[in-house]
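Okay, so the sequence shown: first residue is 81 according to our numbering, each after it adds one.
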Amino acid sequence: KRPKNKNKLKAIMGEWQATSQFCAVYSIVGVLFMFMVAMMLTYQPELIAGFDDYEAATKNTYGAMTFFFVTFVASIVYLIKESVFGTDDRTRQSGIEYEGIGSNSGSAIMEEYAMNLDLPPSIHAGYST
């Protein structure tokens, strides 16, 4: 059953981006570990005891490594999608919108302000002695 409220989903799952980052790191560690185990089962099976069928164990290890790799790719695809096409979430958790700095950059912003670079008379009086 899915939560009806978006905040409930966020409380259960957390931030999707952080979850995807965790899955990417965990998956790459899983790929490396499964690769190491597969190489040991392939080239030095006598170091790992307790298997009746080493070929099946090696096949299952490659299957787990593939699953870890697919999870890694899915996490990276999600992170890239969010960084390129992500929405600009400008609301706080309380629902109040951020006021923030506008996205305009350049001279248009500075033209709104009048610049007064004249020194006050007290400064001129102090230096004229």
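Beta carbons: idealized from backbone N, C-alpha and C, even for Gly.
Comparing C-alpha distances from S155 to each of Y142, D198, W96, A104 shows the shortest one belongs to A104.
If you draw a straight line from the Cα of V111 to the Cα of I128, it is about 19 Å long. Note on geometry: alpha-carbon atoms of E126 and V109 lie some 24 Å from one another.
In the structure shown, the three-state DSSP call for Q124 is coil.
The alpha carbon of M119 has as its nearest neighbour, out of V153, K139, G130, D133, the alpha carbon of K139.
Taking the C-beta atoms as reference points, T141 is found nearer than 8 Å to V117.
Taking a C-beta distance under 8 Å as the contact criterion, Q97 and E162 qualify as a contact pair.
Within the same chain, S100 come within 7 Å of Y158 by CB-CB distance, once the 5 residues on both sides are set aside.
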